[in-house]
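Position 351 of the sequence shown, counted from 1, bears residue number 505 in the working numbering, the numbering being contiguous throughout. Where a beta carbon is used, it is the ideal one built from N, C-alpha and C, also for glycine. Note that the structure is a prediction, hence the values are computed from the model and not measured. Comments concern the structure below.
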Amino acid sequence: MLVIVFNVGSSSLKFGVFRVDDEAREVLKGSYERFRDGVCEVRIRHEDMDDRWTAECDGVSSAIAEVPALLDRFGLSSIEAVGHRVAHGGALFAAPTILDEATIARIETLTPLAPLHNPANLEAIALSRRLWPEIPQVAVFDTSFHLSNPPFATTYAVPKAWRDAGLRRYGFHGTSHKYVATRVAEEIGIDLADLRIASVHLGNGASICAVNRGVSMDSSMGMTPLEGLVMGTRSGDVDPGAFGHLSRQLGLSIAEVEDALYSQSGLKGLAGSADMRDLEDAATGGDADAQLAIEIYAYRARKYIGAYAAAMAGLDAIVFTGGIGENSPSMRRRILDGLEFMGVRLDHERNQVADLSGRAAPQIQAYGSRVRVLVTETAEQMMIARETAEALARPKPSNGIIAVAVSGRHVHLSRAAVDALFGAGYVLTPETPLRQPGNWAARERVVVKGPKGKLERVAILGPLRARTQVEISRTDSFVLGIDVPVRDSGKLDDTPSVTLVGPAGTVETEGLILAARHIHTNPADAARLGLENGDHVDVHVGDDSRGLTFARTLIRIGANSFTEMHIDTDEANAAGIGGAAEGQIVAGATATIRANHQ
Ligand code: ADP
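The structure is reproduced here in structure tokens:
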């Protein structure tokens, strides 16, 4: 499939043409920039050609109107789909979405959240639908990847009325973070679901994302792309108390403050240029402002990496991308120097010579460094092309009705735990067979104890497992007084410990989790539903009054599994269902995530 991708800013149009089959291959890359006095600079790269010229063109819209003729010139007029990068998808768009009147109207409702970015994206969408009325178009949102961030990361501690009005953190650069994290997993040959990655995107805009076991857990950007790191012209973090001061002392209006924070701050505000190359040159020449700006830039990034290592309870890899991340060995070194205490050691020679050509992702950590460090080019346009093709190829979920079962709190025990709790060699008594063949609930029960309280008579499910796993609800976690992460079953590294009490003794064991909702299924049902192991689907559960859609439900295929969705008691209560119910798969899987679970 031949896909054109548009990436529209307020003062530039970048686009790429990609041939997408099993992989996405770039065929042509172009940009229209520096619009001034009715002319602009055009750059086109195609095969061995790399041409620049000045064209008559007074803005982004007229540049887009030029594109069909340009494609004709390169024999690329047979495009089959258009992908649009859209800055803000709010809480409405968790995945790439095919554009029709209804989705466009929904995107329009988000303009107040991104008044500087979304209108330009919407204008490009309207124009390209007029230029290519017969061709399907897809929006890929910068925010979608971060919709997995937990509420404690996305919620600002502000009055409820403000939160009700939509004030919350979203995070941006999602397409880039998702791509580079996937690239890291590929490069080092470890499943993304087993990695804790700090993804450091340093371009004109800059953000760091905590990619925790394949999902975004936190992003340094917030409700807008202004929070977080120092950027080319954006401030990043500023004490919100400063705004009243600026108003009272300098008489600045909200619009003036906002404009200054977006376009007169960051590197430009600190040292006069938004371009890191200028600053590095000036700093070498002794310019004190440029020197301080570089120090602030690196310090802020280092603080976020440390914070995200803590957020993810550890760090396996750091990946640098974006113009500065890719091209400035000295900035990479400044950011990482001093992180030896958490296992980060750079190989200075490898850092200096990192060669990214051919989409390489070189590792630049020193021998023996516990944390891997990689550098790679981001490929947002390529990723958008891929996601556009995937969104169009995604089967419409049909007949996706499945049984839903509510899992109460329970434990799976190891042999050693049974010995400690019930006595050496004790054999549990299977009492109730479960619907998953071979699984049962035991007659015996245990007590689960935390620093704040305990859960009595917790069910034990058999057969025994290699590692003890304790599955509770979020409500239970407050009874115990322990902060418990959401995990896929069996992914127990770095999970909190808890005390189990049995008639013969107690065990202190890790493996305390809120089980991620999932669907057990078998190969035949999976094929009928169009699903693969590791896919994630959205499932609607419950009746009209309290029903809701559960996003990101993991598909687990077992040879003999009974097809059934498992949710916990909190989730069941939220959806207003009792013991058993049915759910309907309403949105399909993404192959990118699919690949990571194979
Ligand atoms: P955007 O976010 O607009 O896509 P880029 O990812 O292209 O921006 O990043 C632009 C930034 O990268 C600029 O600050 C530029 O100075 C910086 N940059 C590019 N090459 C180098 C280099 N060799 N050394 C230091 N900084 C560089």
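Taken atom to atom, the span from the alpha-carbon of residue 717 to that of residue 703 is near 18 angstroms.
Set against 8 angstroms, the gap from the CB of residue 195 to the closest heavy atom of ligand 1 is not smaller. In the displayed model, residue 567 falls within coil according to three-state DSSP, outside both helix and strand. Within the segment 681 to 741, complete alpha helix (DSSP H) segments of at least 4 residues are found at 723 to 728, given in chain order. If only complete runs of 4 or more residues are kept, the segment 611 to 676 shows the alpha helix (DSSP H) at 628 to 634, in order along the chain.
Taking one beta carbon from each stretch, the segment 397 to 406 and the segment 465 to 476 have fewer than 3 pairs nearer than 8 angstroms; the two do not touch. Per DSSP, residue 287 lies in no alpha helix (DSSP H) segment and is marked neither H nor E. Spatial neighbours of residue 358 in its own chain (CB-CB distance under 6 angstroms, excluding positions within 5 residues in sequence) are listed in chain order as 386. Here residue 161 is actually not in contact with residue 531; their C-beta atoms are around 15 angstroms apart, not less than 8 angstroms. Linking residue 527 to residue 465 through their CA atoms gives a straight-line distance of about 19 angstroms. Across the structure, residue 406 and residue 393 are spaced so that their CA atoms are roughly 16 angstroms apart.
Residue burial is scored here from C-beta neighbours: residue 366 has at least 16 other C-beta atoms within 10 angstroms and is therefore classed as buried.
When secondary structure is reduced to three states using DSSP, residue 321 falls in the coil class, being assigned neither helix nor strand. The beta carbons of residue 213 and residue 198 sit about 19 angstroms from each other, so the pair does not count as a contact at 8 angstroms. Ranking 644, 517, 274, 503 by CA distance to the CA of residue 348 puts 644 first.
Between residue 598 and residue 582 the beta-carbon gap is near 6 angstroms, inside 8 angstroms, which marks them as a contact. Judged by beta-carbon spacing, residue 670 lies within the 9 angstroms limit of residue 641, meaning their Cβ atoms are closer than that value. Looking from the CA of residue 614, the closest CA among 171, 286, 561 belongs to 561. Annotation: the segment 468 to 506 contains the following complete segments of the beta strand (DSSP E) (minimum length 3 residues), in chain order: 471 to 475. In this structure, residue 575 and residue 659 form a Cβ contact; the two beta carbons are roughly 6 angstroms apart against a cut-off of 8 angstroms.
Residue 456 places its beta carbon less than 9 angstroms from that of residue 492. Counting only residues of its own chain and dropping the five nearest sequence neighbours on each side, residue 733 has a CB closer than 7 angstroms to the CB of 560. In the three-state scheme derived from DSSP, where H, G and I count as helix and E and B as strand, residue 453 is classed as helix. With 16 or more other CB atoms across the displayed protein chains lying within 10 angstroms of its CB, residue 299 is buried. For residue 413, there are no CB contacts under 6 angstroms within the same chain when 5 residues up- and downstream are skipped. Within the DSSP secondary-structure output, residue 194 pairs in a beta bridge with 209. Counting every other CB atom within 10 Å of its CB across the protein chains shown gives residue 217 a total of 16 or more, marking it as buried. Annotation note: the segment 352 to 422 contains the following uninterrupted beta strand (DSSP E) runs of length 3 or greater, listed N- to C-terminal: 360 to 366, 369 to 373.
For residue 230, the CB contacts under 6 angstroms within the same chain, skipping 5 residues up- and downstream, are 171 in chain order. Here residue 344 carries a coil assignment [DSSP, helix/strand/coil]. Look at residue 517 here: in three-state DSSP terms it is strand. Distances between the C-beta of residue 431 and the heavy atoms of ligand 1 include at least one below 8 angstroms. In this structure, residue 655 lies near residue 600, with their beta-carbon atoms less than 9 angstroms apart.
In this structure, residue 545 has its CB at a distance of at least 8 angstroms from all heavy atoms of ligand 1. Of the residues assessed, residue 611 falls on the exposed side of the cut-off, its CB having fewer than 16 other CB atoms within 10 angstroms. Of 452, 649, 617, 510, the smallest CA-CA separation from residue 382 is found for 452.
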